[in-house]
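Scroll down for the structure; my scribbles are underneath it.
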């Protein structure tokens, strides 16, 4: 492989900019084209801080690219959920029984800015903004763009093209439309959408509610969450049906209806959202979709990565982490197969696809779990038990959430398979009071492990995955 | 609802022609447009008889439209599978322990012809051939066509449009491209494709192998099947990897390789396929895909039915049956809600979607089961046990296959859920020798039922579907 090969990356979001940085470190000549303006100069989120959950899989990739420390400096640790009930009572629930396991709130824009700046420090990287990709000729590895500044159309002829252009990927669309191969593809929307709101900082620039938690107001058919920002504000997200249910986005079309909805359902949150009606009207309602596809690559010419290959719904807090982990996996594959991109791309998909599918499924599953099961006493009892097991056996017990979020050396698929079996074992033992008479946690652990293994074994005999 | 509403049906295949017939019987004015020539005049299968499996769900719909008898006249009953091993030995395996439960081989073209002729007997039905739909304006219910005979383009302005235009549906594509609503969509291909071949009749026009069976030559990574035709021939289908495995379609590119492959793997079939090399080269290699989407309808304007809404792979023999069942369900919904198409379409999807998804999943599952598990001794033992249970308890025991194939009053989803639990119970009991000491079938049945119910209950507690 000629390291002077021209690599084109479409999309300078989180995945594209980390990929550019890592490929530059490996010596490649990289050009990045991004449709939006440079977010370090132009505030493209229209005044709102948008934050995301960063955890161990993300950190592993950032570490590989030498930017973990810079990222940690802008993280706000969230040690657990803080559940707000309808009366305004709050209940804390840690993410893990191990004190060093927590997730972090981080500004999407600030982190993206760090990655762009680090990438640009390499002289073999150039980043072009305001250049919208319109289509990709995957056979000849030529990408077509339109400049938002000059309004002119232009083409870039590259040796290799990476599509990190997000859930609405133009490279993926070219796969679909060109019909050069059998392209398995799915886009699946939930009946819920989302809208972002803000709890501003207080007069002294401080957080008005605990900044050490991810706040959740679960209400069955809808839900509010809030993640802290460094400037003292919180980004609040309302998840609500587009058109279904007693309350829904379509129906909430007046200031009165909006305020009435929040007053009834989220009174303690409403206190802190002064501009609710205005924000509700002005901020867009987003769709919640999962994208899966295969193949991700065409020959040794092009490869989809990040959301472009596997967009997920946000309910496991893993979207960014999964995209960053893509870069880790590609780097591992390059260590083994560098020299032939067609081999690299095939090996990459073989190693990555099942795990990407799994996090997509886990995220949808968590949507139902957060909506429907949070108030379920059996689920609550199970969670208590898991906390106790993790505290007492920090090296031997890992909940599904812990495996997914804090164990970057377990693939998502294994975490899902084992985690589901473990959940099923625990929920059934709790429901049938099998553990009521056991006071020794050692015995509980043993029983959970036995039952989990039996469930996995029975699925295997039945030919189930 | 004005029964003189102009109803436009795009596609006069099996689903479209049955739908036209049934809507005509209900008094609607129906125009059908079909891209292919009239198959009653032009032989569009290029000399090959293509047949399909017809079973109880299909018959129920045909009965509703008064054409069951005509269809039965051209059916060839297949009472079971006849498995051919690599040495040429054969083993019969019935589809059910009940003698009156069997599937039927039927010519796609002949059945389609019957439906077209019956539909055309109604003066409120007109059928137009050689008219290819190019796009649909779903807001204004206008479909655009190109005539293959005059080469002219024309439009049809209808009140209601049904898309029964198959797996490559143009109406569905219009949903996808118009982006008027969040359209969940998936197309998933197997790594295997298929190719049709022929075992001709003998000199006397007789079948050369048993016509009372569906013949299967299972070989793990590939498989041959054969269904009888009325003219004494068999339509043979080879399922094989497109590019993967020791043998695959890409690699079998010479007469020598093809004959060598069949000589090694299917010697007893090869004897009866005189034109193998020619047919292999001339007949196209087909793709095996599953299509799911939602919503199927737009307002009260348009509705997708049959393969256009839910194409499935052929491994459960249910594709045509599922499409016909769509017509049964639509008819039921019309009985309840006739008068408002938007209510009808919504109610139809609510009643039908979960079942359509289920048969798509069941068909893919059977692909793996036929490929990987046919030779598994535990699966064989289970099948023997199920035959015995069905024979002894014809009113109390139904295998998954029987529920799906012969029980038109159980929805596909219920058949899948219950059938999977039952399979899992049986396979584990067989694997663990739980039944070895039990000679009384009554006791076996009781144990199977208990275990099945426990599996369903445990899944429910775990929040699994």
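Residue numbers (this note's numbering), protein chains in the order written: chain A, 1 to 465; chain B, 466 to 930. Just so you know, even glycine gets a beta-carbon here, dropped at the ideal spot from N, CA and C.
For residue 926/B, the residues of chain A that pass the 9 Å Cβ criterion are 378, 424, 427, 428, 430, 431, 432, in the order they occur in the chain. Around the Cβ of residue 237/A, a 10 Å sphere holds 16 or more other Cβ atoms; the residue is buried. Taking every protein chain shown into account, the CB of residue 421/A has 16 or more other CB atoms within 10 angstroms, so this residue is buried. Secondary structure of residue 916/B (DSSP, three-state): helix.
Cβ proximity to chain A below 8 Å picks out 647, 648, 649, 650, 651, 652, 653, 654 from the segment 646-660 of chain B. For residue 292/A, the closest Cβ of chain B is nearer than 9 Å. Rounded to the nearest whole angstrom, the CA to CA distance from residue 86/A to residue 266/A is 6 Å. By the rule that beta-carbons nearer than 9 Å mark a contact, residue 165/A does not touch chain B.
Of 53/A, 425/A, 299/A, the smallest CA-CA separation from residue 349/A is found for 299/A. Pairing residue 500/B with residue 613/B gives a Cβ-Cβ distance under 9 Å. Within the same chain, Cβ atoms closer than 8 Å to the Cβ of residue 447/A are found at 429, 434, 435, 438, the five residues on either side in sequence being excluded.
Within chain A, 182 have C-beta atoms less than 9 Å from the C-beta of residue 752/B, given in sequence order. In the structure shown, the three-state DSSP call for residue 86/A is coil. Taking 9 Å as the cut-off, the Cβ atoms of residue 664/B and residue 699/B count as close. Around residue 639/B, the same chain offers 600, 601, 603 as residues with beta carbons nearer than 7 Å, after the five sequence neighbours per side are excluded. For the set 771/B, 742/B, 706/B, the Cα lying nearest the Cα of residue 657/B is the one of 706/B. Beyond the five residues adjoining it in sequence on each side, residue 715/B comes within less than 6 Å, by CB distance, of 708 in the same chain, given in chain order.
Contact between residue 107/A and residue 78/A is absent: CB atoms are separated by about 14 Å, not below the 8 Å threshold.
Annotation: the continuous alpha helix (DSSP H) that includes residue 877/B extends over 877-896.
For the pair residue 94/A and residue 81/A, the Cα-to-Cα distance works out to about 6 Å. Under the Cβ criterion of 9 Å, residue 637/B is not counted among the residues facing chain A. Counting other Cβ atoms within 10 Å of its Cβ, residue 207/A reaches 16 or more and is therefore classed as buried. For residue 330/A, the closest C-alpha among the options 344/A, 180/A, 389/A, 321/A is that of 344/A. Counting only unbroken stretches of 4 or more residues, the alpha helix (DSSP H) elements lying wholly within the segment 604-651 of chain B are 635-643, in sequence order. DSSP places residue 504/B outside both helix and strand once states are collapsed to three, so it counts as coil. Taking a beta-carbon distance threshold of 9 Å, residue 923/B counts as an interface residue toward chain A.
Under a criterion of Cβ atoms nearer than 9 Å, the residues of chain A adjacent to residue 834/B are, in order, 463.
Rounded to the nearest angstrom, the Cβ distance from residue 190/A to residue 313/A is 6 Å, consistent with a contact under 8 Å. Put simply, the CB of residue 885/B is near chain A, with a gap under 9 Å to one of its CB atoms.
The beta carbon of residue 38/A is closer than 6 Å to those of 129 in its chain, skipping five residues each way along the sequence. Secondary structure note for residue 480/B: its alpha helix (DSSP H) is the uninterrupted segment 479-490. In terms of beta-carbon proximity, residue 307/A stays away from the interface with chain B, with every pair separated by 9 Å or more. Remark: C-beta atoms of residue 792/B and residue 530/B approach each other more closely than 9 Å. At a Cβ-Cβ threshold of 9 Å, residue 346/A and residue 401/A do not count as neighbours. DSSP lists no beta-bridge partner residue for residue 774/B.
Note that the C-beta distance between residue 746/B and residue 634/B is not below 9 Å.
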